[in-house]
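Quick notes on the structure that follows.
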Amino acid sequence: MTAQTDEAQAATVEFGRARLRKEDERLITGQTNWTDNIQLPGMLHIAFLRSPYAHARITSVDVSAARTEPGVIAAYAGADFAAEQGSLPCAWPVTPDIVIPAHPPMATEEVRYVGEAVACVVARDRYAAADALAAIEVDYEELPPVLDMRQAIQPDSPKVHETGNESFDFVFANGDMDAAFRDAPVVIERYYRQQRLIPAAMEPRAVVCSCVGGEFTLWSATQIPHVLRVMLALVTGIPEQNIRVIAPDVGGGFGSKLQVTAEEVLAMLITRKLGRPVKWTESRSEGNMTVHHGRDQWQTLRMAADRDGRIRGFEVDLLADMGAYLMLVTPGVPILGALMFPAIYKMDAYSFRCRGIFTTKMPTDAYRGAGRPEATFGVERMMDELAAELGLDPFEVRERNWIKHEEFPFTTIANLTYDSGNYEAATAKAKELFGYDELRKEQELRRASGDPVQLGIGVSTFTEMCGLAPSRVLGAFAYGAGGWEHASIRMLPTGKVEVVTGSSAHGQGHETAWSQIVADQLGVPFEDIRVLHGDTQISPKGMDTYGSRSLAVGGMALVSACDKVVEKSKVIAAGLLEASADDLEWTPGRFSVRGDPDKGVTIAEIALATFAAHNLPDGVEPSIDADATYDPDNFSFPHGTHLCATEVDTETGFVKIRSYVAVDDIGTVVNPMIVDGQVHGGLAQGIAQALYEEAVYDDAGNLITATLADYLIPSASDLPSYVTDRTESRAANRLGVKGVGEAGTIASTPAVVNAIVDALRPLGIADVAMPCTPERVWRAIQDARGADQASAAEQHAARQSDQTQGNSPQGVGTPDQTGGAA
Amino acid sequence: VIPAKFDYVRPGSVDEAIRALADGGDDAKVIAGGQSLLPLLRLRLAYPELLVDVGGIDELRGVRDSGDALIIGARTTHYQLVHDPLVAEHAGLLAQATSTVADPAIRHRGTLGGALAHGDPAGDLPAVILALDSTLIARGPNGERQIAAADFFVDYLTSALEPDEILTAIRIPKLGPGWGYRYEKFHRTAQSWATVGVAALVRRSNGSVAEARIGLTNMGTVPVRATAAEQAASGAEASRAALNEAAARADEGTEPPGDLHGAPDYRRHLARVLTGRALAAAAGV
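For the protein sequence lines, the chains are A and B, in the order given. Just so you know, we're using the working numbering here: the first sequence kicks off at 5 and counts up by one. Just so you know, we're using the working numbering here: the second sequence kicks off at 21 and counts up by one.
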C-alpha cells in the first residue's frame, strides 16, 4: 500500500473518536429554531382551558364571552371540533380483545383527568389568549374519580369508561410453574411499587401550524415527525401528501415526545378553520399535568429457588396504570416487561401477567426505558432479596443464575435470543473500580460500631433489549408499524456529503455520530458531512428516534446506503480510469487499479464527474446517491454491572450516594464522549426515580406535583461523580453496535434502592418504597425499631390529621409497600 | 407561566416609590429581585395591578457599618451578602445561610429585603434574621419606623409592612467575640426549599454555653425561635450530650406544616436532630 492511501485511511478513522458535537454550539446557546422560536406572519396563539376535575360530565360549555375579549380571534369548545377531530391513536393493541376507548383531542361529553382540554381561545398574542380563558364558562357534573388501580379492579369500583376499568389482560408463560414451585426450598414474594413519573424534557412541548395552498406544515417539538405525519393524516382525514411535519431542534424527549398529542391535532384543525398560522407552547406546570406520564405499576413477584440460589420459577403479576386513555404506545410499555423480567438469568419456568387498568389520571406512555426499567427493577430487587434470604453475596446468587459468556447466543425463557454478552467481564471490572471488598469491610465496621450513618452497597447486573426493532417481531406483538430505518447519501459536486436520516435526533448528537460513521465508510472528512433530519420533506422516510434504536438500526441503514454509493461509484470510477470494475480496489475515499495503486480516483472526483456527467459509461445514471432501508434481524442487548454505595443517615433518613460505578457493554462505540453523556444522563434519571421523583395526585385527582418545586428533579449538585467504563462484546450487526440511550436509566434505579435496603437490612428492613425520600427511609427505620407504643400512637395520630388536611406525605398506598417476606 | 396584565413603574428614589405605592393602593406590590413574586404572578396566584420596581434605587443597596450594628440595604443581593467582608466578620451566620439559598442564578437576583418581605416561613433568611435579633427598617408616607424581627413576620406570606411601606434596610447587631454559629438546612435536593432549617448562635464562656439563640425555618406559618431549647442550652455544658438534651426541646410550641416533603411529626423530629447538630457546630464541639 502506498503512503498516499495510508494517509487517506489514517485521516478517516473516525469510529471510536471522542469528537466534540457539531450541534452543540447552537443547542447550548439556544440560537436555533426551537419550535417556540418560530414566528410566522399573522400567527395566532392558542391557550387551552383544562378540566379542574378528575372525572366529570360536561353539561355545557359557553365560549361566547371569551370571543369578545380583547385580542381574541376565536374560541372553541369540544363540540366545535366534534365532526372532524377523530380520536387520538393507539398503535399498540397488545391483545385481540383490548379495550381502546375513544379519545377525542378535546373533550366533548366527559372529562377523565385533571388537565384534559375542554375549550380553547385563539388570540393575537399569548397573554390575550391566557387572559380570555377566564371568560369561558363550563358546567360540570362531578363523577367519582378512580385513582388507585387496586381499587379500580374491584367490581364495585366507579368506572372510568362505560366498558369498565380493565383495558387488557396479557399473559405469557413458559415452563412448568407448578413443578418449579412445588416443594421449592425457597419461595420469596414481594410487592413493589413503580411510582408514576413525569418526563421533564428541558424544552416544553410546542406546536406551530400553518396552511398555504392546501399544504399543512406542522412544526412540533416531537421525537417522531414521520410517525406523526401518518397519524395526523389518519386522525384528521387531511391527505398525507398534504401534510409536512418538521421537528426542528428538539430539546429532549425521553419518550414524552413519542406521541401524537391533542394539541398537535387541534392546532391543525384550528389552522384549517381560521386559515391562519397558530402556535401553542406549554408552560411547565401545564406540561407536568398533560405530558404523558411514565411507569406506574404495582408488581407482585414470586420467585422459587433451590437452597444454592438457583432460580426454579419466576412469576410476575402486574397492574399497569394506563391513565384515562390509551395513547400511542401506552399498552405496549408494560408488555415489554414480558420479555425483560427474566433479564440475564436462567430458570425453569416463567410466567407474566399484566392487566392494563384505567384510572382518572393523565395517560401513561413511554418514558426512558419504557417497560424495561420496571422489569429490571423488579428482577434485580428480587435477586438481592434472594441473596439475603440465602445469606449469600448478591453477586454470588447472580452468578449462579446468569448466562455464561460461552453460552451466547442464548435463547431466554422469554424467547428472546441474546446475541452477545459477557456478564462475568463487566462484573469483574465494576467490582474492581468500585473497591467492592474494601467497601464491604467498611460496611462491617460501621455496622459493628453502630454508626448513625450506615453504608449500603447496591448491585444491578442489568440487560435490556433495544434497537426497536425487527418489523416481524413488532408485528407479532401487534405493534402498528415496522421497525426499519431509512438513510440517504447525497454526494454533492464539490465532494461534500449530505446524509439524510429518518432517525430524527432530539439532543442525542446524531449529526456528529452519523458524520463519523459516514466519514469512515466513504473516506471523506468529518467536516465535509452534513446531516439532515426531522423534516418529512427533506427526509421523507423514517421511523424516528426512541427505544435506543438510532445507531443499531439507523446507523446500519447509513452503512447500507454508503455501500450502495461505493458500488455505484465503482462503475463510474472504472469508466474514468479506463479499467475493468473488477480490477478496482476500494480504500475508503478512493478507487485504485489493482497492481497500479498510483492510478486512482477519489470519491470527490467521482462526485464531480457524475455531476458533469460528460463522460459516464453507457447506460449509467448520472448519480452516485443512494438510499437504504434497514430492518434488523434482532434487538440489541446492552448489559452491564452497576454498583452504588449509599450513606444512609439513620437519624434523618437522608440518603447520599457516595460512589457510583457503571460498567456498560454496549458493543462497539462510535463516540465515547457521546456514550458517556448518555450514561451520565441516564443514571441521573434512574437515580431520580429511586430518590426524588413522583407524580402525586390528591384524593380528588388533582396533580399536586404540578411544579418543579414539588416534583423534585435532581441537579448536578445532588449527584455523585460517576465512574464509567466499558467492556465490549460486539453485537451481531456489521458495526457491532448496541444502544445506549436507556441503559443508565434502566440499570441505576435498582442499584440505588438495593444499596439503601442493604444499608438498612440489619435493622430488619427489606424494602423502602420509591422514591426513597428521607421521610420514608426514616419511617422505615422507626417502624423497624418498633417505636414504643405511645410514640407510635402519636405518630399515627399525626399522620391521620395530616391526611385529613389532604397532605398525605406518603404518596399513594405506601402502607402496603413495606415488602413482606414469604 | 403567563402573568395577568399589570402596570409597571421603576422609581429612582424611595420617596417616589412610596408615592407610587400609595397611588396604587392595595393593588400595588413592590418588586425587587422578583425571585419570589414572579412565580406567584406566573402561576396567577397573585394579581397586582401595579408593580413598583425598586431595582433602580441605589440607596437601598449595600452593607454599612454603623458601630454596634450592620445596616444592610434591602435590595442587597444574596450574592453580595455571601461575599461581603463586613457580613463575614460581624454576621457570619447570615452569609453562611444565604449561601444555601436556591442556586447561583437566584442568588444573583434575589435580595435580602425581598426574601424577608415575602415572609415565606420555608425561606432560609427569615429564621436567620430572627435569630440574629435584627431590626427591620421600613419607610412609608409617615416616615420611618423600626420593627423588631420578632414582630415582623405576622402570618404565612404576611409581614407587618403596610401596603404603602417599603422595607429599606435591616439592622443586624454585630456578634461580639465568643459567638459561634451554624445554619443547618435539610432539603431533599440542592435547589429545593428547606424541609426544616435551624439557625443557631452560641456564645461560649469557659466550658459552657453562656447564651444560645435558635431560629427555625419551616416549622410554622412564620419563622419561630426555639425558646425552650434556647433556655435549656443557655448555661449548659458545651458538650454534645448536653446540647442534644437541649435540642430535644427544639420543636416545643411549634406547629409545623405537612406536605410532600415531610409530615409534621417528621419535621418535629428533624428540628430536634438538626438543632442538636447546629448547636454542636456553633459551640465548636
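Where a beta carbon is used, it is the ideal one built from N, C-alpha and C, also for glycine.
Residue i - DSSP class collapsed to helix/strand/coil
i, result
"residue 475 of chain A", "helix"
"residue 307 of chain A", "strand"
"residue 202 of chain A", "coil"
"residue 424 of chain A", "coil"
"residue 38 of chain A", "coil"
"residue 573 of chain A", "helix"
"residue 286 of chain B", "helix"
"residue 775 of chain A", "coil"
"residue 512 of chain A", "coil"
"residue 92 of chain B", "strand"
"residue 25 of chain B", "coil"
"residue 563 of chain A", "helix"
"residue 269 of chain B", "coil"
"residue 553 of chain A", "coil"
"residue 284 of chain A", "strand"
"residue 162 of chain B", "coil"
"residue 793 of chain A", "Note that residue 793 of chain A has pLDDT 46, beneath the 50 cutoff, so the model's placement of it is unreliable and no number is given."
"residue 174 of chain B", "strand"
"residue 195 of chain B", "coil"
"residue 47 of chain A", "coil"
"residue 412 of chain A", "coil"
"residue 19 of chain A", "coil"
"residue 782 of chain A", "helix"
"residue 584 of chain A", "coil"
"residue 295 of chain A", "coil"
Buried versus exposed, by CB contacts within 10 Å (16 or more), residue i
i, result
"residue 670 of chain A", "buried"
"residue 869 of chain A", "The structure shown has nothing for residue 869 of chain A, since chain A only spans 5 to 826."
"residue 792 of chain A", "Low confidence applies to residue 792 of chain A: its pLDDT is 43, below 50, so where it sits in the model is not reliable, and the reading given next is rough at best. By the 10 Å Cβ count, residue 792 of chain A comes out exposed."
"residue 297 of chain B", "buried"
"residue 37 of chain A", "exposed"
"residue 449 of chain A", "exposed"
"residue 62 of chain A", "buried"
"residue 140 of chain A", "buried"
"residue 400 of chain A", "exposed"
"residue 1 of chain A", "The first residue shown for chain A is 5 and the last is 826, placing residue 1 of chain A beyond what the model contains."
"residue 344 of chain A", "buried"
"residue 99 of chain B", "buried"
Beta-carbon neighbours of residue i, restricted to chain B and to distances below 9 angstroms
i, result
"residue 700 of chain A", "280"
"residue 128 of chain A", "Correct list: empty, because the minimum Cβ distance to chain B is about 14 angstroms."
"residue 782 of chain A", "286, 289 and 290"
"residue 131 of chain A", "22, 23, 24 and 25"
Neighbour list for residue i in chain A, Cβ cutoff strictly below 7 angstroms
i, result
"residue 129 of chain B", "The contacting residues do not exist; residue 129 of chain B stays about 17 angstroms from chain A at best."
Contact list for residue i against chain B, beta-carbon separation under 7 angstroms
i, result
"residue 134 of chain A", "22"
"residue 697 of chain A", "Chain B residues near residue 697 of chain A: none, gap ~10 angstroms exceeds 7 angstroms."
"residue 716 of chain A", "208, 209 and 212"
Strand pairing of residue i, partner residues [DSSP]
i, result
"residue 663 of chain A", "A:649"
"residue 634 of chain A", "A:489"
"residue 53 of chain A", "A:123"
"residue 274 of chain B", "Its beta-bridge partners do not exist; DSSP assigns none."
"residue 94 of chain A", "In the DSSP output, where bridge partners are listed per residue, residue 94 of chain A has none listed."
Partner residues on chain B for residue i, Cβ-Cβ distance less than 8 angstroms
i, result
"residue 708 of chain A", "280"
"residue 719 of chain A", "123, 209, 210 and 211"
Interface residues of chain A facing residue i [CB-CB closer than 9 angstroms]
i, result
"residue 301 of chain B", "The contacting residues do not exist; residue 301 of chain B stays about 15 angstroms from chain A at best."
Chain A residues whose Cβ lies nearer than 8 angstroms to that of residue i
i, result
"residue 293 of chain B", "655 and 656"
"residue 63 of chain B", "289 and 711"
Exercise. Quick one: which residues of the stretch 764 to 780 of chain A get their C-beta closer than 8 angstroms to a C-beta of chain B? List them in chain order.
Key: 777, 778 and 779
Quiz item: Which residues, in order along the stretch 22 to 42 of chain B, keep a beta-carbon less than 9 angstroms from a beta-carbon of chain A?
Solution: 22, 23, 24 and 25
Quiz prompt | Interface positions of the stretch 573 to 592 of chain A facing chain B (Cβ-Cβ less than 8 angstroms), listed along the chain | solution = none
Quiz item: Between the stretch 258 to 286 of chain B and chain A, which residues of the former have CB atoms less than 9 angstroms from a CB of the latter, in chain order?
Solution: 277, 278, 279, 280, 281, 282, 283, 284, 285 and 286
Exercise. Anything in the stretch 718 to 737 of chain A with a Cβ closer than 8 angstroms to a Cβ of chain B? List those residues in chain order, please.
Key: 718, 719, 721 and 722
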